[in-house]
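This report concerns only the one structure given below.
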Amino acid sequence: MSDPNDLGAFLNLGWQRLSRGVADRRAAARHPVFATVSPDGKPEARTVVLRGADRDSGTVEVHTDGGSDKITSLQSNAHAQVHVWDEKAKLQLRLSTRVSMLSGEDAAQRWTRVPDGSRMAYGASPKPGTPIPNAHDYEKLAQRDWFTVLICEIDEIELMQLIDPHRRAYFQRADDWAGQWCVP
Ligand SMILES: Cc1cc2nc3c(=O)[nH]c(=O)nc-3n(C[C@H](O)[C@H](O)[C@H](O)COP(=O)(O)O)c2cc1C
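Every position in the sequence shown, counted from 1, becomes a number in this note's numbering once 12 is added.
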């Protein structure tokens with residue numbers, strides 16, 4: 013049995029589960045909750061697809077429609093939390109991040125890797141969230157101009173594992189990810 017006090021191994025587990033989410037459509041981390049703060053200070057959470065997880069840079073990546081409301085929120089407050097509950101590993105991950113956005117030419121290379129079927133998610137007329145008289149009174153534009161990459165630079169990773177006994181730790185970039193146990 014591995015050492016339950018090994019902070020490094022706990023962090024490794026967190027990154028393994030995130031990477032799994034990028035590679036495997038059925039993994040729990042495939043669909044994190046992405047939470048932002050609206051310009052009037054209210055919490056906003058929604059499901060997204062995890063498109064990238066890079067341990068070296070300490071970033072995760074999400075793709076979105078540049079016309080969506082979360083863009084306005086991120087322009088006024090760049091902090092976002094990424095939340096995953098991974099039932100198999102009995103692990104909750106909370107990533108506190110600062111988000112930078114890429115679009116247009118800066119996102120061109122990634123756009124070439126977006127499959128045709130998925131391009132529909134980027135660009136809508138009228139804009140996402142606009143009230144419409146009937147359910148289908150909109151068009152999907154599938155345009156690169158609306159394709160926006162959210163690079164989420166992680167400041168802190170908090171892991172909480174519901175094994176017996178429970179364990180919880182946080183890992184901070186400022187601390188070079190050394191890690192600290194805390195009370196679950
Ligand atoms: C399974 C699932 C996956 C989703 N993936 C994404 C995604 O990768 N990017 C995205 O912007 N919205 C995604 N959405 C839609 C969002 O949850 C949300 O409805 C949309 O982005 C509008 O949010 P906003 O108005 O807060 O910006 C997904 C929804 C579901 C149910």
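A virtual CB, placed ideally from N, CA and C, is assigned to each residue, including glycine.
What's the call for Q93, buried or exposed, on a 16-neighbour Cβ count within 10 Å?
Counting Cβ neighbours within 10 Å, Q93 comes out buried, since at least 16 surround it.
Leaving out the 5 sequence neighbours to the left and right, which residues in its chain are closer than 6 Å to T160 when beta-carbon positions are compared?
The beta carbon of T160 is closer than 6 Å to those of T76, G78, M113, S115 in its chain, skipping five residues each way along the sequence.
Using DSSP with H/G/I as helix, E/B as strand and the rest coil, what is E10?
Residue 10 lies beyond the residue range present for the chain, which begins at 13 and ends at 196; the question has no answer from this structure.
Is it true that the CB of R67 sits closer than 9 Å to the CB of M172?
No; because the gap between Cβ atoms is not below 9 Å, this pair is not in contact.
Note down the Cα distance separating H148 from V72, rounded to an integer number of angstroms.
Our two residues, H148 and V72, have alpha carbons roughly 33 Å apart in a direct line.
Should the region 45-60 be called in touch with the region 185-196, which here means at least 3 C-beta pairs below 8 Å?
Cβ pair count under 8 Å is below three, so no.
Is it the case that the CB of G141 approaches a heavy atom of ligand 3 more closely than 8 Å?
Looking at this structure, you won't find ligand 3 anywhere; what it does contain is ligand 1.
Roughly how many angstroms separate the alpha carbons of Y150 and I144, rounded to a whole number?
Spanning the two alpha carbons is a distance of roughly 8 Å.
Pick from K100, L86, L103: whose alpha carbon is nearest that of I163?
Residue L86 holds the alpha-carbon nearest to the alpha-carbon of I163 among K100, L86, L103.
Under the criterion of a Cβ to heavy atom distance below 8 Å, does S80 qualify as lining ligand 1?
Flag set: Cβ of S80 near ligand 1.
Proximity to E99 [Cα-Cα], best of D176, A41, R185:
Residue A41 is the option with its Cα nearest to E99.
Looking at the unbroken beta strand (DSSP E) that takes in T76, where does it start and where does it end?
Start and end: 71-77.
Quick one: what's got a C-beta closer than 6 Å to W97's C-beta in the same chain, skipping five residues either side?
Q104, listed in sequence order.
In terms of residues, what are the limits of the alpha helix (DSSP H) holding D128?
Per DSSP, D128 is one residue of the alpha helix (DSSP H) stretching across 128-131.
Closest to S33 by C-alpha separation, out of V61, P16, D15, would be which residue?
According to the sequence as given, residue 33 is Gly; it is not Ser. For G33, the closest of V61, P16, D15 by C-alpha to C-alpha distance is V61.
Mind checking whether the beta-carbon of T59 lies closer than 8 Å to any heavy atom of ligand 1?
Indeed, a heavy atom of ligand 1 lies less than 8 Å from the Cβ.
Measure how close the beta-carbons of P44 and H95 come, nearest whole angstrom, since I'm counting them as under 8 Å.
Yes, they are in contact, since the Cβ atoms of P44 and H95 sit about 6 Å apart, within 8 Å.
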